[in-house]
């Protein structure tokens, strides 16, 4: 059994903690919130996972040193926009533990992926990425799930597989860190668009077209940034895209539904009440498409909807009436 540090007490961080604690590992979660610590430690509940119960071998703390110092491995599960600041706060306590990125997004100010951010702050650390179709609500209840862990060092990915594997968790490995990370980050954008389609009460035909062409855009940009094309047709690309676009658990889809129904961004943020990676990711993906000169009409159109007040219905019309071409 391992001593595991989880940095972040949101739904995904706590879901990982519940699952791994159920396998007998000792878990310490770092949280910035005393309220969340007290709820986890005293009530054995998480506000984001109302149907799950917190195991007794999970402890939530606000002290990085106490969480990290005796750990065998660190799972980083914070909102993307806070990644660098939080790593800067805890990096002095990191020794030789691998760091596994479970967050999905970018550093918007630099357009860097999160592995690039953490490597800049901890250049000697072994860094991996965990991704795949995995709603926190279901993982916390032990619903059968498949994930992929990517790391250039196979001893690290093998360690993660050993920690996670069970009758309800099937694990795969990859060396394509960039592809696995980008698949998980970029799919949130298409999930947001799927929500807009639902908010506009469009049909299954529209939904299928969006997922298919959205995956094309994800893979175009991902390959340009160094990912392997095949990765985007695996668990972290296609798999995560399907579950995030179709599920009622998806906050990115829920956000899109509200925008499709005419809600403003700030009002939508208040209603959802949790981190919405897709909104920040859309702006980053738009800028990356220009940087790498990649054709991404869905991303371009949803960017106009969010940031230049294009009517979502008009956005659909723009996409449907583009010049025709071979698939």
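In the numbering used here, the protein residues as written are 550 to 876. Glycine included, C-beta positions come from ideal geometry on N, C-alpha and C.
| query | result |
| --- | --- |
| Contact check, residue 566 vs residue 556, beta carbons under 7 Å | no |
| Terminal residues of the beta strand (DSSP E) in which residue 679 lies | 676-680 |
| Selected residue, minimal CA-CA separation from residue 616, among 599, 631, 638, 596 | 638 |
| Contact check, residue 663 vs residue 627, beta carbons under 7 Å | no |
| Contact check, residue 740 vs residue 801, beta carbons under 7 Å | yes |
| Spatial distance of residue 687 from residue 835 (CA atoms) | 31 Å |
| From 773, 775, 822, 745, residue whose alpha carbon lies closest to that of residue 862 | 745 |
| Exposure of residue 624, with buried meaning 16 or more beta-carbon neighbours within 10 Å | buried |
| First and last residue of the uninterrupted beta strand (DSSP E) at residue 699 | 694-699 |
| Residue closest to residue 706, alpha-carbon to alpha-carbon, out of 691, 692, 722, 715 | 722 |
| Cα-Cα separation between residue 649 and residue 729, rounded to whole angstroms | 12 Å |
| Cβ shell of residue 852 (< 6 Å), same chain only, five flanking positions each side left out | 831, 835 |
| Residue 758 CB to nearest heavy atom of the ligand MG below 6 Å | Summarising the ligand content, the structure contains no ligands, and the ligand MG is consequently not present. |
| Contained alpha helix (DSSP H) runs [length at least 4] in the stretch 805-876, N- to C-terminal order | 814-821, 826-840, 846-856, 861-869 |
| Assigned exposure category for residue 792 - 16 Cβ within 10 Å defines buried | buried |
| Per DSSP, cross-strand counterpart(s) of residue 742 | Answer is none; residue 742 lacks a bridge partner. |
| Residue range of the alpha helix (DSSP H) that includes residue 683 | Element bounds for residue 683: n/a, residue is neither H nor E. |
| Cβ neighbour criterion (16 or more within 10 Å) applied to residue 814 | exposed |
| Rounded distance between the beta-carbons of residue 833 and residue 680, thought under 8 Å | Going by Cβ atoms, the distance from residue 680 to residue 833 rounds to 17 Å, so no, they are not a contact pair. |
| From 844, 599, 787, residue whose alpha carbon lies closest to that of residue 683 | 787 |
| Cβ pair residue 621, residue 551 closer than 7 Å | yes |
| Own chain, CB closer than 6 Å to residue 755, minus 5 neighbours either side, in chain order | 746 |
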